[in-house]
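Accompanying notes for the structure given below.
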Amino acid sequence: MNKTYLVWFAFLAILLLGCRSDNFNPNETSNQQALKFRVVPRSEIPQIINVLQAKTNNLNVPLKNHSSAMGKTETVFGEINTNYIIETTNGTDEVFYTFPITPNAGNDGSETYNLVVKTDDTDTESAKVLVYEPTAEWAQNGNNDYLTFSGTVNNYSLDGNLESSVSYLNGTGNCGPEPCPDCPTTPTGPGNPGGPGGPGGGGPTGPGTGTPPGTGGPVSYPGNGGSSPGTPPTNPPSNGPSPGQTGTTSGGLPCYWTCVFDENDQCTKMECIEVKPPTFTANRAPANTCDQNHNTNGGVVITTQQDLCTKSKALLANTNIDASITQLKNNAINGTGEMGFKATKAGIPSPMINGGTHSLDFGYKTGYAGGYHNHTKKGIPMHSPPDIDQLLGFARAQGNQGNLTEAFVGMVAPNGMHYIIRFTGTYQDALTNFSQEQLDKLEDDYRDREDQLTSTILNGFSYINSDGSINNKGVEKLLLDTLKKMGLSGKINLQRIENTGIIKNINLDSNNQPIGVPCP
Amino acid sequence: MKTINTILALICIISAFSCKSQTYPLNTDYDNIPNYSYLKDLNNELNPYIGTYKANFQGKEILLYVVKEENKLVDRIDKKFYRDVLSIRYIVKGPSGNILQDTKNMTFQSDQIRYTIYSMRTRPDIGDLTLSYGGTNCGVGSGKIILKKINITQISWEYRPNDTILDSGRCPAGTDITIYLPETKDLIFTKQ
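Written out as structure tokens, the structure is:
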């Protein structure tokens, strides 16, 4: 009898395990819908790449129309990324190639752009741009599971014409007439986004070289050639590449030139910062059951993990978030206490949370990427150890399968200082647990260090403003040193938001001093 | 045998001296000293503040009890050192004389931070003294206090509380997080 139960139990366990939705590993084959996937290098499909280059503007395609801050309608372009391509076969002669597309601007981070190329035995290729526009609810709670996608999938031709539009609810498409009459307007033409740099502008080793070679690691000028000794730096330094121009590191990696500002916000040095390749994630796509003739869905959706600059730019460009931050800034200056709000991954702010005179409770974090709060007039205008601990809480709230780098905590102070800390570690890092006693010790040290930094006897005027209060450099050093003491260096990133809107990633240089590198 | 005893005695004496913590002036940067160093009030800069002081603020009476603690262990996450400090305990009374908060009669653990006020350093160029307050319940109100000696019987008070984010896991709803210390600048305390 017991044996029978055991057999039934084993059978049920197999059934239940079989029902589990495993994470999609593109390096392995999948038998769902008889589709097989694999990652292919671009060198393996030269014909496809050549066709794409011929049909697009150097792999740039129009994505959508976008209203600029000046009220003008602009076309947003995206670049087809050929570093991560997934091949899908379905047992017929059809082969699909899915590419991620990185928008150049105007993306709030909620939409996903893919290019799907379909080939068959006739050796003809069709290429479509698929735009996944999720509902706010799915963006917040969908956990990137595209098999349960809710939202709209728009299908564009390479020249930006909308060909079909399917709305999805929980992974099921609504197969109505397509395209709908009130679908989004089509872009006004491919245009030319300018492309990634180009020759010209002299490098540090002399004019006409285009992309200046370096002497080791990131290249920079003045410093290793380029400007004459004794020549005062200009803003930016002359006779070199301009900010934003692409270059090449000494190791042959692509980089972009950016200003390194001194404490007076003068661009005294240029550095070529390595372009970090975006991280891609492959997800199973919702079934395309509406129109087999438009079967351009390769069964996979490639999402791009945004870099920290893109994330913060998108966050601050969100009008709802911006309105809430403005409210916090006003409260910091005119209010009598702390206030804050939380924000979802899709950039939806929670109602404003009223705190005490010097305290605030964000409450539960599930479903939220991060939170913003204001500091008051008398306190230190920087994130404190409990703020850092809260960031770990937001990271944990993303779940060990979620994108932890969505987690952030922002702070605005009455003196105009505005900082964001972002989580960049692993789920294991997010599990770092501080006892109340440890937090008390860290806070005590934080206060003592602030006092030490502002002591003119110990540090002169390096870390203070003319009124004796701690300056940007001081609070940045305080935060980065505190992260070290908490064992979180390299796992949490600090960003300064300047009044002009420029975002700078703050790191410590070789002399252990804060240095701001502007976002491109 | 006598030689061996002499050598052992010498070793003991040398060990005792080498184990003794190194002494530095009170305002030395504690990041640049070895563990268990001693930041000593070599010039007795803390002594003028010792005593009991009283002030009234917004209907409340505040009593400060300022004492000096020598060679107090400061136990940080990544550094331990000794420092001469001023320790302040306080009693805050309401308009009717009711006690709102009393840390004078609290028992503090040697490494306790909450409710405590310990001096950090003197600022001879400004002529004042900075102290670190561990905050009230849940650490709310932790911040910096600045005392300045005005004359033999009066000191001036400034309190700059920091801002914090609470975690309901550590600070349950309903906890009294009222800050009772006077959040103000230039409040005069008179020696009793």
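Listed in order, the protein sequences are those of chains A and B.
Just so you know, we're using our numbering here: the first sequence kicks off at 1 and counts up by one.
Just so you know, we're using our numbering here: the second sequence kicks off at 1001 and counts up by one.
C-beta atoms are modelled at their ideal positions from N, C-alpha and C, and glycine is treated no differently.
None of these values were measured; they are calculated from a predicted model.
Residue i, DSSP secondary structure in three states
i: LYS1079/B; result: coil
i: LEU35/A; result: coil
i: GLY474/A; result: helix
i: PRO196/A; result: Residue placement at PRO196/A is poorly supported in this model, since its pLDDT is 31, which falls under 50; the coordinates still yield a value, given next. Coil, per DSSP.
i: LEU328/A; result: helix
i: SER68/A; result: Here SER68/A scores only 48 on pLDDT, less than 50, and its place in the model should not be relied on; the value that follows carries that caveat. Here SER68/A sits in coil by DSSP.
i: PHE522/A; result: For chain A, the structure presents residues 1 to 520; residue 522/A sits outside this window and is missing.
i: TYR1024/B; result: strand
i: CYS301/A; result: Position check: residue 301/A holds Val in this sequence, whereas Cys was assumed. Strand.
i: ASN507/A; result: strand
i: LYS1185/B; result: coil
i: ASN50/A; result: helix
i: SER1037/B; result: coil
i: PHE394/A; result: helix
i: ASN1047/B; result: helix
Residue i at chain B interface by Cβ criterion, 7 angstroms
i: ASP445/A; result: yes
i: GLY487/A; result: no
i: GLY201/A; result: Bear in mind that the predicted position of GLY201/A carries a pLDDT of just 30, short of 50, making it too unreliable to give a figure here.
i: ASP182/A; result: Because the pLDDT at ASP182/A is just 45, under 50, the model does not fix this residue reliably, and the value given afterwards should be weighed accordingly. No, because no Cβ of chain B sits closer than 7 angstroms to the Cβ of ASP182/A.
i: GLN513/A; result: no
i: SER359/A; result: yes
i: ASP440/A; result: yes
i: GLU476/A; result: no
i: THR376/A; result: yes
i: GLN436/A; result: yes
i: ASP509/A; result: no
Nonlocal neighbours in the same chain, by C-beta distance under 6 angstroms from residue i, ignoring five residues either side
i: THR119/A; result: VAL95, GLU125
i: LYS329/A; result: VAL412
i: LYS1104/B; result: TYR1065, ARG1089, ILE1091
i: LEU1039/B; result: TYR1024, LEU1026, THR1028, ARG1083
i: LEU1181/B; result: TYR1159
i: PRO207/A; result: Since pLDDT at PRO207/A reaches only 29, below the 50 mark, its modelled position is unreliable, and the value read off the structure follows with that caveat. Here the set comprises nothing.
i: SER350/A; result: PHE341, LYS342
i: ASP1041/B; result: LEU1026, ASP1084
i: ASN493/A; result: LEU308, ARG422, THR424
i: GLU1061/B; result: LYS1093
Beta-carbon contacts of residue i that lie in its chain and below 7 angstroms, excluding the five residues immediately before and after
i: ARG42/A; result: ILE49, THR82, ILE85
i: TYR427/A; result: ASN400, LEU404
i: ASN1162/B; result: SER1142, GLY1143
i: SER359/A; result: GLU338
i: ILE1099/B; result: ILE1091, LYS1093
i: ASN354/A; result: MET339
Interface flag, residue i vs chain A, CB-CB below 7 angstroms
i: ASN1162/B; result: yes
i: ASP1197/B; result: With chain B running from 1001 to 1192 in the structure shown, residue 1197/B is simply not present.
i: THR1122/B; result: no
i: ILE1165/B; result: yes
i: ASP1186/B; result: no
i: SER1194/B; result: Examination of residue 1194/B is not possible in this model, given that chain B is present from 1001 through 1192 alone.
i: ASP1128/B; result: no
i: ASP1041/B; result: no
Neighbourhood of residue i by C-beta, 8 angstroms cutoff - its chain only, sequence neighbours within 5 removed
i: THR1175/B; result: ASN1137, CYS1138
i: GLU133/A; result: SER110, GLU111, GLY151, THR152, VAL153, ASN154
(Q) Please identify, using Cβ separations under 7 angstroms, the residues of the region 1088-1119 of chain B that lie next to chain A, in order along the chain. (A) ILE1113, ARG1114
(Q) Using 8 angstroms as the cut-off, can you tell me whether the region 370-388 of chain A makes contact with the region 402-419 of chain A, which would need three or more C-beta pairs spanning the two stretches below that distance? (A) yes
Q: Using a Cβ-Cβ cut-off of less than 8 angstroms, give me the residues of the region 416-431 of chain A that come near chain B, in sequence order.
A: none
(Q) At a CB distance below 9 angstroms, what residues from the region 1059-1086 of chain B approach chain A? Give them in sequence order. (A) VAL1074, ASP1075, ARG1076, ILE1077, ASP1078, LYS1079
Q) Is it a yes or a no for the region 1081-1093 of chain B touching the region 1060-1073 of chain B, going by three-plus beta-carbon pairs under 8 angstroms? A) yes
Q. With a cut-off of 8 angstroms, do at least 3 Cβ pairs link the region 387-401 of chain A to the region 443-458 of chain A?
A. Touching, no, given that fewer than three Cβ pairs across the two stretches are closer than 8 angstroms.
Q: Closer than 7 angstroms, Cβ to Cβ, to anything on chain A: give me those residues from the region 1132-1149 of chain B, in chain order.
A: Within the region 1132-1149 of chain B, the residues whose Cβ lies closer than 7 angstroms to any Cβ of chain A are, in chain order, SER1132, GLY1134, GLY1139, VAL1140, GLY1141, SER1142, GLY1143, LYS1144.
Q.
I'd like to know if the region 1117-1136 of chain B and the region 443-451 of chain A are in contact, where contact means that at least 3 CB-CB pairs between them fall below 8 angstroms.
A. yes
Q: Give the residues from the region 45-64 of chain A that approach chain B closer than 9 angstroms (Cβ to any Cβ), ordered along the chain.
A: Result list empty, no residue passes.
Q: Scan the region 442-474 of chain A for residues whose Cβ lies nearer than 7 angstroms to a Cβ of chain B and list them as they occur along the chain.
A: LEU442, GLU443, ASP444, ASP445, ARG447, ASP448, ASP451, GLN452, SER455, THR456, ILE457, LEU458
Q. Taking three-plus beta-carbon pairs below 8 angstroms as touching, is the region 1150-1160 of chain B in contact with the region 355-371 of chain A?
A. No, the region 1150-1160 of chain B does not touch the region 355-371 of chain A.
Q: Mind the definition here: the region 332-350 of chain A touches the region 1132-1151 of chain B only if three or more C-beta pairs lie below 8 angstroms; say whether that holds.
A: no
Q. Which of the residues in the region 379-403 of chain A, read from start to end, lie with their CB under 8 angstroms from any CB of chain B?
A. GLY379, ILE380, SER384, PRO386, ASP387, ASP389, GLN390, GLY393
Q.
Would you call the region 471-478 of chain A in contact with the region 1161-1178 of chain B, where contact means no fewer than 3 C-beta pairs closer than 8 angstroms?
A. no
**Q.** Contact the region 512-520 of chain A vs the region 306-314 of chain A: 3+ CB pairs below 8 angstroms
**A.** The region 512-520 of chain A, when compared against the region 306-314 of chain A, does touch it at the 8 angstroms Cβ threshold.
Q. Closer than 9 angstroms, Cβ to any Cβ of chain B: which residues of the region 341-371 of chain A, in chain order?
A. Within the region 341-371 of chain A, the residues whose Cβ lies closer than 9 angstroms to some Cβ of chain B are GLY355, GLY356, THR357, HIS358, SER359, LEU360, ASP361, PHE362, GLY363, TYR364, GLY371, listed in chain order.
Q: Would you list, in chain order, the members of the region 1018-1038 of chain B that have their beta-carbon closer than 7 angstroms to a beta-carbon of chain A?
A: ASN1027, ASP1029
Q. Residues in the region 315-345 of chain A with C-beta within 7 angstroms of chain B's C-beta atoms, listed in sequence order?
A. GLU338
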